[in-house]
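Asker: Residue numbering for the sequence shown follows my numbering, starting at 1 and increasing by one per position.
The beta-carbon is built from N, C-alpha and C at its ideal position, and this holds for glycine as well.
Have a look at the structure that comes next, please.
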Amino acid sequence: MLGIRGRWWQPTGDLKGLGQPIEPEEWRRPIFGREAEVDWIDPATRPANVTSATRAARAVCQQAVGAGRVCIVPWTAGKEYMDGAREIDGRLAKAVIYPADERRSVITGFAAICGAVAPAATSADQTLAWPLWTQHQGVILLANFSGEPRESLTVRFASPLPVNRLRSIRHGELPFAKQANHQVEVALPMGEVTDILVAE
Numbered sequence: 001m002l003g004i005r006g007r008w009w010q011p012t013g014d015l016k017g018l019g020q021p022i023e024p025e026e027w028r029r030p031i032f033g034r035e036a037e038v039d040w041i042d043p044a045t046r047p048a049n050v051t052s053a054t055r056a057a058r059a060v061c062q063q064a065v066g067a068g069r070v071c072i073v074p075w076t077a078g079k080e081y082m083d084g085a086r087e088i089d090g091r092l093a094k095a096v097i098y099p100a101d102e103r104r105s106v107i108t109g110f111a112a113i114c115g116a117v118a119p120a121a122t123s124a125d126q127t128l129a130w131p132l133w134t135q136h137q138g139v140i141l142l143a144n145f146s147g148e149p150r151e152s153l154t155v156r157f158a159s160p161l162p163v164n165r166l167r168s169i170r171h172g173e174l175p176f177a178k179q180a181n182h183q184v185e186v187a188l189p190m191g192e193v194t195d196i197l198v199a200e
């Protein structure tokens, strides 16, 4: 069902402490990461640059099984994602910057494969938009985890209610655009770590 020909383990992460007791604060601790050799049973899901049996292919393998689908990451993506993080002293705050490459997309890709769509998104990496709605209005919580101010941030969110007015707690009323499928788009500066948009 999984289409795995073979799998093996190898040390990954910060290997300076390999074989030594692990301290709780060692977030880049060494572990044994998984690598696997996989077959794509369904050629339609195989990336064009990947052969039918690829050792440690950097992709999500999808297999059609019965009426469902099995998705496999043939490498330890979560561990590599954590190991790819770096600390910076930003102008706003100290921050931990995580990689915005395949190590992240292979994890979030499971939701996308199933057709999930984020209720809100921003144009900047590591800047969160989190909408909350009542029966009459909503708020979109913004949090900038990058450590750096954003001169211009575009926020897109799906609104279950008609939006006639949109204001920022920090910047006041904002012009915004209404798009298809109840989508709202607004641009604003984000010079602080947090802000709140109020949709009425």
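#1: DSSP three-state call for serine 105: helix, strand or coil?
#2: Is the stretch 121-131 close to the stretch 139-157, with three or more CB pairs under 8 Å?
#3: When you compare the CB positions of valine 155 and valine 186, do they come within less than 8 Å of one another, or not?
#4: Closer than 8 Å by C-beta to proline 189: which residues in its own chain qualify, once you throw out the five before and the five after it? Chain order, please.
#5: What is the DSSP secondary structure of phenylalanine 110, counted as helix, strand or coil?
#6: So if DSSP puts leucine 166 in a beta bridge, which residue, or which two residues, is it bridged to?
#7: Could you give the distance in angstroms between the alpha-carbon of glutamate 80 and the alpha-carbon of arginine 103?
#8: Which residues does DSSP pair with arginine 91 in a beta bridge?
#9: Under the three-state reduction of DSSP, which class applies to glycine 172: helix, strand or coil?
#10: Closer than 8 Å by C-beta to proline 99: which residues in its own chain qualify, once you throw out the five before and the five after it? Chain order, please.
#11: Which of the three DSSP states, helix, strand or coil, is assigned to leucine 161?
#12: Could you give the first and the last residue of the continuous beta strand (DSSP E) run that contains alanine 67?
#13: Which partner residues of lysine 178 appear in the DSSP bridge assignment?
#14: Taking only the alpha-carbon atoms, compute the straight-line gap between proline 160 and threonine 122 and give it to the nearest angstrom.
#15: Roughly how many angstroms separate the alpha carbons of asparagine 164 and phenylalanine 157, rounded to a whole number?
#16: When burial is assigned at 16 or more other CB atoms within 10 Å of the CB, is tryptophan 8 buried or exposed?
#17: Ends of the beta strand (DSSP E) at alanine 121?
#18: For valine 139, which of helix, strand or coil comes out of DSSP?
Answerer: So, from the listed chains and residues:
#1: helix
#2: yes
#3: yes
#4: Closer than 8 Å at Cβ, skipping near neighbours: Pro149, Arg150, Glu151, Ser152, Leu153 and His171.
#5: Helix at phenylalanine 110.
#6: As computed with DSSP, leucine 166 is found in a beta bridge with Ala199.
#7: 7 Å
#8: For arginine 91, which the question treats as bridged, DSSP gives no partner whatsoever.
#9: In this structure, glycine 172 counts as strand in the three-state DSSP scheme.
#10: Tyr81, Gly84 and Ala85
#11: Coil, per DSSP.
#12: Alanine 67 -> no beta strand (DSSP E), and no H or E assigned at all.
#13: Val184
#14: 18 Å
#15: 14 Å
#16: exposed
#17: 120-122
#18: strand
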